[in-house]
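Everything below concerns the one structure shown next.
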Amino acid sequence: MQNKREKTLLVPILSLIIIVLVFALGFVMGRMGFNVAWDNGEINYTIKGQLYPEEKEVNFDHFWDVWNRLESQYVDKDLNEEDMVNGAIKGMVASLGDRATRYYTAEETQEYEFQRSGGLEGIGIELGYLDNKVIIKKVFENTPAEKSGLLYGDIISEVDGEDISFWDIYDVASKIRGEKGTKIKLLILRDKDEQVFEVERDEVFIKSIDWEMLENDLALITVRRFTENDFASFALLWDRVISDVAKENPAGIIIDLRGNGGGFLDGATYLAGEFVDKGSVILFVKGREGKLIKHKVER
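Following our numbering, the numbering of the sequence shown begins with 38 at its first residue and continues without gaps.
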C-alpha cells in the first residue's frame with residue numbers, strides 16, 4: 038500500500054520537474070535565438086544566434102538592465118526593438134573612433150547602393166572633413182548646389198537650423214538629402230563669414246568617370262569614385278572611356294583624382310593597370326595579423 042502511494046506521488050513530482058526543466062530550457066533557448074515548432078509530429082528549429090560569442094567573456098548584465106528599464110519605465114510605450122538593437126550596434130561601432138568604419142542597417146545599405154550607382158535626390162555635393170569640421174568637398178556641375186552658389190571648401194555649420202558640429206558626416210549627408218522639390222537651409226562659414234543658403238532639392242545623377250579634351254591635345258579624365266553598381270560595371274565604364282579617349286589620339290592624358298570619394302580597391306588597381314605592366318605590384322595591404330597582401334596588375 039505504501040509503495041503504491043509513493044509511486045502515485047512520484048508521478049506528479051516527476052511531471053512537475055519535467056515541466057520546469059522544459060520551461061527553463063525554452064527560456065534559455067529563446068534567449069539564445071532558438072525557435073522551436075511542431076510540424077506533423079516533428080520538431081523543427083532554427084538558430085538565430087548565440088547568447089554569447091564563443092570564447093568571449095563579456096558581461097551583458099548592464100545592457101539588459103538598461104533594456105529592461107526602458108521597456109518598463111520609458112514614457113513612450115511603443116518602443117521599436119529593432120531600432121534599439123541597431124542603435125546599440127551603431128554605438129558599438131562608433132566606439133572605435135574610426136570615421137571610416139560604420140554600421141549600415143538594411144535600409145541604409147539599400148540607400149548606399151543607390152548612391153553608389155550614381156543616382157540620388159539631393160543638392161549635388163560631396164562632403165568631407167577638415168579639422169573635424171564638415172566641409173563641401175565637391176560641388177557637382179549642373180546641380181542645385183552649383184546653381185545656389187555653394188563652393189568647394191565651404192564649412193557647413195547648421196542644417197535647417199540644427200547645429201551639426203558633432204554630427205557624423207553620414208548623418209549630415211542623410212539630413213541634406215531629401216525628396217525632389219523640397220528645400221533645405223544650410224548655414225555656411227566661408228572666409229570667416231556666415232551665410233545662409235536655401236537650396237531646392239532635385240534629382241541628381243553623378244558620373245563616376247568623365248572626360249574631355251583640353252588645349253594642346255591633352256585628355257582630362259576625371260575619376261570621382263572607384264565605383265559603379267559593382268566592380269565589373271566600373272571596369273566596363275573605364276574601358277569605354279579609354280576607348281573614346283584613344284580615338285582622339287591625345288598627346289597626353291591627365292587623370293584627375295581630386296575629391297575622389299573612394300570605392301572598390303579593385304577599381305583603383307584596375308585603373309592603375311592601364312599604365313603599369315601586368316604582374317607589377319600596385320600596393321601592399323597589411324592586415325590585422327600583420328600579414329602583407331600584394332595587389333598586382335592582372336591585365
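For every residue, glycine included, the Cβ atom is placed at its ideal position computed from N, Cα and C.
Since we're looking at a predicted model, the values are computed, not measured.
Of all alpha-carbon atoms in Thr180, Leu251, Ala143, Arg325, the one lying nearest the alpha-carbon of Asn286 is that of Leu251. The Cβ atoms of Arg238 and Ile160 lie closer than 8 Å to each other. Taking all protein chains in view, the Cβ of Trp101 is surrounded by fewer than 16 other Cβ atoms within 10 Å, so the residue is classified as exposed.
Three or more Cβ pairs closer than 8 Å define a contact, and the stretch 211-220 falls short of that threshold against the stretch 253-272.
Only buried fits Ser245, as 16 or more other CB atoms lie within 10 angstroms of its CB.
For Asp293, the uninterrupted beta strand (DSSP E) run begins and ends at 289-293, by DSSP.
For Thr259, the uninterrupted beta strand (DSSP E) segment begins and ends at 255-260.
Sequence-distant partners of Lys170 (beyond 5 residues in either direction) whose C-beta falls short of 7 Å from its own C-beta, in its chain, are Ile192. Here DSSP, grouped into helix, strand and coil, assigns Ser194 to strand. Exclusion of the five residues before and after Gly299 leaves Arg262, Phe263 as the residues of its chain whose Cβ lies within less than 7 Å of its Cβ. By the Cβ test, the stretch 222-230 is in contact with the stretch 183-192, since at least three Cβ pairs between them sit closer than 8 Å. Membership of Arg227 in any alpha helix (DSSP H) is not indicated; the residue belongs instead to the beta strand (DSSP E) covering 220-227. Rounded to whole angstroms, Ser280 and Gly289 show a C-alpha spacing of 14 Å. Using a 10 angstroms sphere on the CB of Phe301, the tally of other CB atoms reaches 16 or more, which defines it as buried.
Between Val233 and Glu158, the beta carbon gap of about 22 Å keeps them out of contact (Cβ cut-off 8 Å). Taking 8 Å as the cut-off, the Cβ atoms of Ile206 and Leu164 count as close.
CA-to-CA, the gap between Lys333 and Ile258 works out to about 23 Å. Across the set Ala256, Val196, Phe268, Ser202, the C-alpha of Val196 shows the shortest separation from the C-alpha of Val236. Scanning Phe312, Val209, Glu144, Ile201 for the CA closest to the CA of Glu119 turns up Glu144. Contact check for Ile319 and Thr306: beta-carbon distance about 5 Å, within the 8 Å limit, so the pair qualifies.
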